[in-house]
Amino acid sequence: MFFLLRVGFWLTIVFLLLPGVPGAPSQESAEGAGAPRLGTAEALSAATSAVADAGGFCERQPHACAVGAQLFELIGRRAEAGARYALSYLVEQISEEKRKAAVRSAGAPADDTLTTHDLAPEWQGPVRPALDATATDLIFSPPAQPVGAPAATTPGVPRPPKKPA
Numbered sequence: 017m018f019f020l021l022r023v024g025f026w027l028t029i030v031f032l033l034l035p036g037v038p039g040a041p042s043q044e045s046a047e048g049a050g051a052p053r054l055g056t057a058e059a060l061s062a063a064t065s066a067v068a069d070a071g072g073f074c075e076r077q078p079h080a081c082a083v084g085a086q087l088f089e090l091i092g093r094r095a096e097a098g099a100r101y102a103l104s105y106l107v108e109q110i111s112e113e114k115r116k117a118a119v120r121s122a123g124a125p126a127d128d129t130l131t132t133h134d135l136a137p138e139w140q141g142p143v144r145p146a147l148d149a150t151a152t153d154l155i156f157s158p159p160a161q162p163v164g165a166p167a168a169t170t171p172g173v174p175r176p177p178k179k180p181a
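For what it's worth, my numbering labels the leading residue of the sequence shown as 17, then goes sequentially.
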């Protein structure tokens, strides 16, 4: 039970601090009727006198009861304006999400999406002929020496030229 009282207190504070929505029909009718403006000091005074005189204070303090009624009316208007603002925001967000979902679903169909380019096999390059053993021996064997040619010496480490003696 105490939790509900705390929640009610804090919600009342929040609704009092919410700005009024200009152009709301309930505010225009109250302002047009010449109703006095409710100040913070009057609201605080009314709240303290209401707590001090909880049982039947409207008979003893009609001014406090009138200010309290205005305070509750103000809280109700601000709560209504806040609820309308939150509801319009939620409706706008939901409709925006529905619109985005419709655009996504209205896109390209999911069936038969492959093109002829996607279905074509990948390029495999030219085919090389298979080499038999004799062809590889010719390619990787050292060159043959002609008949009667002196044996070729393999070049070693280069030496400096000899000087005449």
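Note that beta-carbon positions come from the ideal geometry of N, C-alpha and C, so glycine has one too.
Under 7 Å between C-beta atoms of residue i and residue j
i	j	result
residue 94	residue 31	yes
residue 82	residue 65	no
residue 62	residue 84	yes
Separation of residue j from residue i, as counted between CA atoms
i	j	result
residue 77	residue 87	15 Å
residue 67	residue 20	18 Å
residue 46	residue 22	Note that residue 46 scores a pLDDT of 49, beneath 50, so its modelled location is shaky; the value from the coordinates is reported in the next line. Residue 46 and residue 22: Cα-Cα distance of roughly 30 Å.
residue 118	residue 54	49 Å
residue 100	residue 110	15 Å
residue 136	residue 143	19 Å
residue 114	residue 122	12 Å
residue 106	residue 138	52 Å
residue 130	residue 141	24 Å
residue 102	residue 108	10 Å
residue 120	residue 132	25 Å
residue 173	residue 179	18 Å
residue 60	residue 18	22 Å
residue 75	residue 89	20 Å
Given residue i as reference, the closest of the options once Cα atoms are compared
i	options	result
residue 34	110, 181, 92	92
residue 27	98, 57, 58, 139	98
C-beta neighbour in chain C for residue i, strict 7 Å
i	result
residue 60	Note that chain C does not occur in the displayed structure, where there is just one protein chain.
Practice task
Kindly provide the ranges of any alpha helix (DSSP H) runs that are 4 or more residues long and lie completely inside the region 96-120, ordered along the chain.
Solution key: none
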